């Protein structure tokens, strides 16, 4: 068995459908015991990649490695997958259904039942056992689905939009469970458009756009890389004198009066200018009350990367005519 | 690390366990349904009711028809025209127009009334006429024609001055039996044909019913969105086969319960309606050799000539056909052809289910499945007259029609064992092929949401990895 630092590694994965390419040469490395955010706009290829990891479809080229082993049938029981398009058999009873799904993941019936009862108790849903799935609300069904995903204690968990349909309280509950699973040793791949949750719980991210991995790594580092030397400053004094202290090295992005004689301004340092230079310039003219760097949100980074790519595409498209890109009914 | 062989075995076992789980769920979720239980119990009751009705119609005293006899020969009433179960003769005096008027105007609804016109020189014109307001059944019509013929014949005999007893000697009614050389039994082809068609109909019905259940199951999995969870645990092919096999077992369960219950009910009905059939002597006669049977038949024929007990004879020969029908062979072949035909079509039904989002979109893809099935059934129903025709032989070998057609031929006899074998092998091979093609469409289709696929796309899916 070859050893690898990564729980999951995708090497040069290509997936083509008749009308379009869903993934072109995607490389991803997911280290162990982390929460890995798999981000990207709709139709970027996230679901295609997740389906390949789950062996629902096969790649046209490239391969997937789990702990250094090439992906094979035995890995099915090591993976827990909560798809975005998820559901349950409507006419089946909740308990029977959960047992069925657990057994399909290779659990023994008795062990599955024991574990299920433990989780049902934990989530306070023991009285649902004999209810039919169609009697459950969407949120209730989601809870059951979450349990059936993690029940067999997989080493690798893949959650595709796990928070949709949950109220804030249950969202918090699920988030905490996901963090707990990581702390207990599991590796979690989280695919979501909910950037707030990404900020909150992800350690690593990969951003897939137009079938390619355009950005990946540790989230903190990415955020740092994307910070544009922007700052928010609150000061007391004359706006004119604040503005007067401006010279070539700064750009005033916005300004707002927040109290009498007190303003909040957002500035960006241009070129090689240091923050010190800026401070030296304004301190004689006004009273600085606070100053903090503006860290880009994942939301901003997402939009920035995706929109840049789109603009680039547009310039390309003006020279070559591309009509096929909107066709093809494949889900991501 | 496990040895490769051990690992392979372990995987195989895992796969089998999973498929077994799927089969179990598909089976038990359907068998527990109310609709299944109702159908399973109601089915044999319907068959029994049908059977009882057939027997009842067979023995029932049919309504007597009143015949107004306009007899210009003036000899009819006294000789041939004696009242029977079917006819009550009444002399009528008047013209043909008056007779017609009478029938038209004085139409009694409680019994049927017809008129017979025997012209005075009936032996010269060789013609007579039957007038009716409400038509009478073909059997009665035949009886009436026979009576009129006999009468005319006797008139001629009288005219020619032939001795009456000599004439009676000459007059012949041969008992001509049609014996099947394969079984050396006499049988009524129509009844054999009907038995075959009954089997072919049940197969046709089952393929459709359970094929559609497979399709619905796939659509249900798609619309409830459980499918993606399922295929992350099992291969799409395993899921599809698990479903197909599970539903096949539901079908077999239903069929076997039907056979069992029908047999019990038929025995009860026969016992109630025809107690003498279970008189040991009757059963013995029926079960003994063919020689005995033909003797028995001859005796029955004499009874017919004596004009007695015709209904009992009819039922006797019906029972004979039923007893001579190779039920066990038919049931075994039924199970095979049902499974073969069902498996062949079920995979296609599954593929159709995978290609759509709801049942109303299935129309366009159902057509190519429906046409061969319906066609096969039409061929079977048209075969009563000629079960050994060339078309029947062809279609009993073509796998898309053979499950429905072959049993008609088997019920009629005259099928060589190698013909059955060829047809079976072809069926199995085709089933493997269609399943392979269908599973390719299926595994792509189940993950496509929100868009109705076209035939063009289905062909594309065949090539996906």
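Protein chains in written order, with my numbering: chain A, 454 to 785; chain B, 1161 to 1625. A virtual CB, placed ideally from N, CA and C, is assigned to each residue, including glycine. Every value quoted in this text rests on a predicted model; they were computed, and no experiment measured them.
| Query | Result |
| --- | --- |
| Answer with yes or no whether the minimum CB distance from residue 1376 of chain B to chain A is below 8 Å. | no |
| Along chain A, in chain order, which residues have C-beta atoms closer than 7 Å to that of residue 1178 of chain B? | 557 |
| Assuming residue 634 of chain A and residue 603 of chain A form a contact by the criterion Cβ under 8 Å, report the distance between their Cβ atoms to the nearest whole angstrom. | 6 Å |
| Residues in the segment 1596-1610 of chain B with C-beta within 9 Å of chain A's C-beta atoms, listed in sequence order? | 1603, 1604, 1607, 1608, 1609 and 1610 |
| Our contact map puts residue 1570 of chain B next to residue 1490 of chain B with C-beta atoms below 8 Å; I'd like the distance itself, whole angstroms only. | 6 Å |
| Buried or exposed for residue 1396 of chain B, going by 16 or more other Cβ atoms inside 10 Å? | buried |
| Please report the straight-line C-alpha distance between residue 570 of chain A and residue 1568 of chain B, rounded to a whole angstrom. | 56 Å |
| Would you kindly work out how many angstroms separate the C-alpha atoms of residue 624 of chain A and residue 616 of chain A, rounded to a whole number? | 6 Å |
| Can you tell me where the beta strand (DSSP E) with residue 533 of chain A in it begins and where it stops? | 532-535 |
| What does DSSP give as the partner residue(s) for residue 490 of chain A in the beta ladder? | A:643 and A:658 |
| Against chain A, which members of the segment 1388-1399 of chain B pass a CB distance test of less than 7 Å? | 1388, 1389, 1391, 1392, 1393 and 1394 |
| Please state the DSSP three-state secondary structure of residue 484 of chain A. | strand |
| Extract the residue ranges of the alpha helix (DSSP H) inside the segment 676-701 of chain A, only unbroken runs of 4 or more that lie entirely within it. | 692-697 |
| In the DSSP output, what is residue 1226 of chain B paired with across the bridge? | B:1248 and B:1273 |
| Measuring straight from C-alpha to C-alpha, what distance separates residue 1523 of chain B and residue 463 of chain A? | 42 Å |
| Judging by CA-CA distance, which residue of A:660, A:728 and A:514 is the nearest neighbour of residue 747 of chain A? | A:728 |
| Using 8 Å for Cβ pairs, my map puts residue 658 of chain A next to residue 506 of chain A. What's the rounded Cβ distance? | Contact flag wrong, Cβ pair sits at about 16 Å. |
| Who are the near neighbours of residue 1601 of chain B in its chain, counting only those whose CB is closer than 6 Å to its CB and skipping five residues on each side? | 1511, 1618 and 1621 |
| At which residues does the alpha helix (DSSP H) containing residue 461 of chain A begin and terminate? | Looking at the DSSP string, residue 461 of chain A is not in any alpha helix (DSSP H); the run it does join, the beta strand (DSSP E), is 459-469. |
| Closest by CA to residue 705 of chain A, which one among A:714, A:686, A:597 and A:690? | A:686 |
| Quick one: residues in its chain with C-beta nearer than 6 Å to the C-beta of residue 1536 of chain B, no 5 flanking neighbours on either side, listed in chain order? | 1561, 1564 and 1565 |
| So what does DSSP say about residue 1243 of chain B, is it helix, strand or coil? | coil |
| For a cutoff of 8 Å on Cβ pairs, would you count residue 1386 of chain B as touching chain A? | yes |
| If contacts are defined as beta-carbon pairs under 8 Å, then residue 1403 of chain B and residue 1182 of chain B qualify, I think. What distance do you get, rounded to the angstrom? | 7 Å |
| Which of helix, strand or coil does DSSP assign to residue 476 of chain A? | strand |
| Is there a C-beta anywhere in chain A that falls below 8 Å from the one on residue 1618 of chain B? | no |
| Indicate whether at least one CB of chain B lies closer than 8 Å to the CB of residue 648 of chain A. | no |
| Counting only beta-carbon atoms, is residue 1581 of chain B nearer than 8 Å to chain A? | no |
| Mind listing the chain B neighbours of residue 786 of chain A? Cutoff is C-beta to C-beta under 9 Å, in chain order. | This structure does not reach residue 786 of chain A, given that chain A is present from 454 up to 785, and the question cannot be answered. |
| Please name the residue or residues paired with residue 709 of chain A in a DSSP beta bridge. | A:717 |
| What did DSSP end up calling residue 667 of chain A once you bin it into helix, strand or coil? | strand |
| Would a check of beta-carbon distances place residue 509 of chain A closer than 8 Å to chain B? | yes |
| Give the residues from the segment 1186-1216 of chain B that approach chain A closer than 8 Å (Cβ to any Cβ), ordered along the chain. | 1189 |
| Is there a C-beta anywhere in chain B that falls below 8 Å from the one on residue 544 of chain A? | yes |
| Work out the CA separation of residue 1360 of chain B and residue 1207 of chain B for me, nearest whole Å. | 15 Å |
| So with CB distances below 7 Å, who are the chain D contacts of residue 1592 of chain B? | Structure shown: chain D not included; protein chains present are A and B. |
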